[in-house]
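Beneath this line is the structure, given in structure tokens, with notes to follow.
Residue numbers (this note's numbering), protein chains in the order written: chain A, 303 to 419; chain B, 144 to 255.
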């Protein structure tokens with residue numbers, strides 16, 4: 303079991319460039335989440351998905367888009383990167399409510415460190 | 144809206160001490176509470192998950208308790224070691240919500 307993996311681990315973008323962060327999980331989890339973590343701000347939810355083909359906005363969705371075409375993958379896109387999007391991005395996944403014993407237990411990926419200059 | 148607070152924000156202790164980290168939440172209607180560890184530059188590693196019907200969970204030198212009525216959870220670390228140095232976060236899963244609420248974490252340093 304690889305758990306939750308994130309690609310790439312590091313990236314430097316220029317303002318206005320676009321990129322896609324990939325999150326993959328091999329635990330057959332229903333729910334997947336994208337967070338950003340900034341010093342002094344804690345973890346903030348960007349977007350989440352409660353199943354294949356579904357997405358929803360979190361606390362800080364502006365400037366980001368997501369897609370969940372396959373159950374195991376959750377993609378985070380930045381269409382036009384801005385310096386304010388410099389952050390560490392974490393993906394997480396969990397079982398859905400149908401598995402009551404383990405539901406909502408979150409598993410995190412190792413993170414992607416993004417710098418926008 | 145659920146709010147989660149962790150006090151203290153930072154803690155420095157000598158090796159060997161038993162210590163308690165605190166997590167408080169404002170709405171007792173929770174589904175579960177999860178404790179994580181985060182090492183610098185790394186992701187979050189799950190330590191313990193307590194379901195709302197449970198009072199405590201134990202794993203090795205770690206013991207987490209939950210008191211829903213008072214909106215509190217504690218993480219007890221026995222015989223602390225320098226390798227325990229990390230940031231510890233708690234997250235509350237509100238009942239009926241897909242979205243957990245995280246605390247800001249307690250940064251722990253255990254010095255030899």
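The beta carbon of each residue, even a glycine, is placed where N, CA and C say it ideally should be.
Residue i, DSSP secondary structure in three states
i, result
"residue 226(B)", "helix"
"residue 382(A)", "coil"
"residue 256(B)", "The question about residue 256(B) has no answer, for chain B in this structure spans 144 to 255."
"residue 149(B)", "strand"
"residue 387(A)", "helix"
"residue 317(A)", "coil"
"residue 240(B)", "coil"
"residue 339(A)", "strand"
"residue 247(B)", "coil"
"residue 157(B)", "strand"
Residue j beta carbon less than 8 Å from that of residue i
i, j, result
"residue 384(A)", "residue 365(A)", "yes"
"residue 350(A)", "residue 150(B)", "no"
"residue 410(A)", "residue 214(B)", "no"
"residue 205(B)", "residue 216(B)", "no"
"residue 262(A)", "residue 247(B)", "In the structure displayed, chain A extends from 303 to 419; residue 262(A) sits before or after that span and is not available."
"residue 338(A)", "residue 354(A)", "no"
"residue 255(B)", "residue 146(B)", "no"
"residue 396(A)", "residue 306(A)", "no"
"residue 417(A)", "residue 352(A)", "no"
"residue 162(B)", "residue 231(B)", "no"
Residue i versus the options, residue with shortest Cα-Cα distance
i, options, result
"residue 388(A)", "340(A), 374(A), 344(A), 358(A)", "340(A)"
"residue 249(B)", "144(B), 203(B), 196(B), 228(B)", "228(B)"
"residue 415(A)", "395(A), 391(A), 328(A)", "391(A)"
"residue 219(B)", "169(B), 202(B), 197(B), 225(B)", "202(B)"
"residue 264(A)", "398(A), 412(A), 413(A), 418(A)", "Because chain A is modelled from 303 through 419, residue 264(A) falls outside the range shown and cannot be assessed."
"residue 318(A)", "348(A), 345(A), 381(A), 306(A)", "381(A)"
"residue 170(B)", "211(B), 247(B), 182(B)", "211(B)"
"residue 363(A)", "303(A), 406(A), 333(A), 379(A)", "379(A)"
"residue 253(B)", "222(B), 184(B), 181(B)", "222(B)"
"residue 193(B)", "417(A), 407(A), 413(A)", "407(A)"
"residue 173(B)", "238(B), 255(B), 251(B), 246(B)", "238(B)"
"residue 184(B)", "417(A), 418(A), 412(A)", "412(A)"
"residue 335(A)", "417(A), 418(A), 373(A), 386(A)", "373(A)"
"residue 328(A)", "375(A), 312(A), 356(A)", "375(A)"
"residue 393(A)", "419(A), 417(A), 324(A)", "324(A)"
"residue 200(B)", "175(B), 240(B), 152(B), 236(B)", "175(B)"
"residue 303(A)", "357(A), 310(A), 326(A), 313(A)", "326(A)"
"residue 356(A)", "308(A), 321(A), 333(A)", "333(A)"
"residue 198(B)", "177(B), 155(B), 154(B)", "177(B)"
Boundaries (first-last residue) of the beta strand (DSSP E) holding residue i
i, result
"residue 369(A)", "367-369"
"residue 363(A)", "First-last for residue 363(A): undefined, no H or E at that position."
"residue 331(A)", "Taken as a continuous stretch (DSSP letters only), residue 331(A) belongs to no beta strand (DSSP E), as it is neither H nor E."
"residue 352(A)", "That residue, residue 352(A), is in no beta strand (DSSP E); it is neither H nor E in DSSP."
"residue 210(B)", "205-210"
"residue 177(B)", "173-181"
"residue 165(B)", "162-168"
"residue 194(B)", "187-194"
"residue 419(A)", "Per DSSP, residue 419(A) belongs to no beta strand (DSSP E) and is neither H nor E."
"residue 219(B)", "215-220"
"residue 374(A)", "Unbroken run through residue 374(A): none, as it is neither H nor E."
"residue 308(A)", "306-309"
Interface flag, residue i vs chain C, CB-CB below 8 Å
i, result
"residue 144(B)", "Of the protein chains in the structure, A and B, none is chain C."
Residues in the region 238-251 of chain B having any Cβ partner in chain A nearer than 8 Å = Only 241, 242, 243, 245, 246, 247, 248 from the region 238-251 of chain B bring a Cβ to less than 8 Å from some Cβ of chain A.
The region 311-339 of chain A: positions lying closer than 7 Å to chain B by Cβ = Hits within the stretch, in order: 333.
Against chain B: residues of the region 373-407 of chain A by CB proximity under 7 Å | 392, 406, 407
Identify each residue in the region 191-214 of chain B for which the Cβ-Cβ distance to at least one residue of chain A is less than 7 Å, and report them in chain order.
-> Here the close residues are 192.
Listed in chain order, which residues of the region 151-178 of chain B have Cβ atoms closer than 8 Å to some Cβ of chain A?
-> 174, 175, 177
Identify each residue in the region 217-239 of chain B for which the Cβ-Cβ distance to at least one residue of chain A is less than 8 Å, and report them in chain order.
-> 232, 234, 236
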